[in-house]
Amino acid sequence: MLKILKSEWLKEKRSANAKLLLLVPIIFTIFNLLMVRIMGINPVGQSYIMATAFNWYPLIILPTVISLLVVNITKKEKETNKIKFKSLGLDYNKQTVSKNLVVVFELAIMIIITSIIVYCLGTFLLGETIPTKQIILASFYLFIGSLPIIGISFLSTNYLKGPIIIILNFILTILGAPIATENYWWLYPWSYSLRMLCPILGIYPNGLFLENDSYLFNSSVLYLGTVVSLMVWLACLIFQYLIDSRRDNV
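For the sequence shown, position 3 matches number 1078 in the working numbering, and the numbering has no gaps at all.
The structure is reproduced here in structure tokens:
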């Protein structure tokens, strides 16, 4: 399994996904910085660059980027490669799992790079005080809350074309913003990261700052969100494995 995972990771080095890992964080943070400049002075105790970065990223950028990562890594696998894989007596299903894990790693790298750039820009260029703990927690829960989208996107490649997956993830995430404020948010995977970021950053899913007495400051959602995110991602991974196994036996 480790050899297959390493092989998949090496394949990505010259792929479009490798370029996305660097370009997306840089382009996004530059755009974010320009928008923050337009907004003016921060409210007392608040940070526009943190609020916009961790609101626009899961709401607008990541749904599209995650879809691209998944579509790119799955579409490049030719049928001849699958046959060769089986002829060597290797379990092709493990390759599917490895692809999923590679995209998870890529997402983690992308979020880490973005967070470092945002922190440096906010601290050294804008002169803001950004708590290290806050940006670490925001990055962690953004990552955890995005895992279900990876799993669902991989499952979707069995039935939908790449452009459809990209459009659907974008639309479903936009719809996730109002749902994230409801009690049933945990039933809707596209709202997970948006909801978990509320108590950490003190922002609504639409990017506005929370009132001090807002119920969205309730941090218990972090535990629930983490559990359901991992459960949905693992369930998708298992379903994908079963689908591939059934396909191999036909």
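Quick reminder that beta carbons are idealized off the backbone N, C-alpha and C, glycines included. Computed from a predicted model, the values in this text were never measured in an experiment.
Of the residues the options, the one placed nearest residue i, counting alpha carbons only
| i | options | result |
| --- | --- | --- |
| Ala1255 | Ile1241, Gly1237, Ile1278 | Ile1278 |
| Phe1218 | Leu1247, Leu1299, Ser1304 | Ser1304 |
| Pro1223 | Ile1210, Gly1202, Leu1212, Leu1247 | Leu1247 |
| Gly1202 | Asp1288, Glu1087, Leu1108 | Leu1108 |
| Ile1210 | Val1140, Ile1141, Tyr1267, Thr1127 | Thr1127 |
| Ile1184 | Gly1220, Ser1090, Ser1214 | Ser1214 |
| Tyr1123 | Leu1212, Thr1204, Tyr1298, Trp1308 | Thr1204 |
| Gly1300 | Pro1264, Gly1237, Ile1242, Asn1092 | Pro1264 |
| Lys1088 | Met1110, Asn1147, Tyr1132 | Asn1147 |
| Phe1180 | Leu1317, Pro1238, Lys1081 | Lys1081 |
| Ile1116 | Val1140, Trp1131, Leu1285, Gly1197 | Gly1197 |
Endpoints, alpha helix (DSSP H) assigned at residue i
| i | result |
| --- | --- |
| Trp1131 | 1123-1131 |
| Ile1275 | 1267-1276 |
| Ile1136 | Premise fails: Ile1136 is in no alpha helix (DSSP H) and is neither H nor E. |
| Glu1087 | 1077-1087 |
| Ser1047 | Outside the modelled stretch of the chain, which goes from 1076 to 1325, sits residue 1047, for which no answer is possible. |
| Ile1105 | 1091-1114 |
| Leu1243 | 1237-1254 |
Exposed unless 16 or more other CB atoms sit within 10 angstroms - verdict on residue i
| i | result |
| --- | --- |
| Phe1106 | exposed |
| Val1302 | exposed |
| Met1114 | exposed |
| Leu1312 | buried |
| Ser1228 | buried |
| Tyr1021 | Missing from the structure shown is residue 1021; the chain here goes from 1076 to 1325 and no further. |
| Thr1155 | Confidence at Thr1155 is low in this model, with a pLDDT of 46, below 50, so its placement is unreliable and the value that follows should be read with caution. So Thr1155 ends up on the exposed side. |
| Gly1251 | buried |
| Lys1174 | buried |
| Thr1207 | exposed |
| Glu1257 | exposed |
| Ile1102 | exposed |
| Ser1221 | buried |
| Ser1320 | exposed |
| Leu1137 | buried |
| Ile1079 | buried |
| Ile1249 | exposed |
| Asn1281 | exposed |
| Ile1225 | buried |
| Met1306 | exposed |
| Tyr1234 | exposed |
For residue i, the residue or residues it bridges with in DSSP
| i | result |
| --- | --- |
| Phe1292 | According to DSSP, which records beta bridges pairwise, Phe1292 is partnered with nothing at all. |
| Phe1284 | Ile1278 |
So does the region 1092-1112 actually touch the region 1187-1198, counting three or more Cβ pairs closer than 8 Å?
-> Counting Cβ pairs under 8 Å, three or more are found: they touch.
Can we say the region 1190-1200 touches the region 1265-1278, given the rule of at least three CB pairs closer than 8 Å?
-> Taking 8 Å as the limit for Cβ pairs, the verdict is that the region 1265-1278 does not touch the region 1190-1200.
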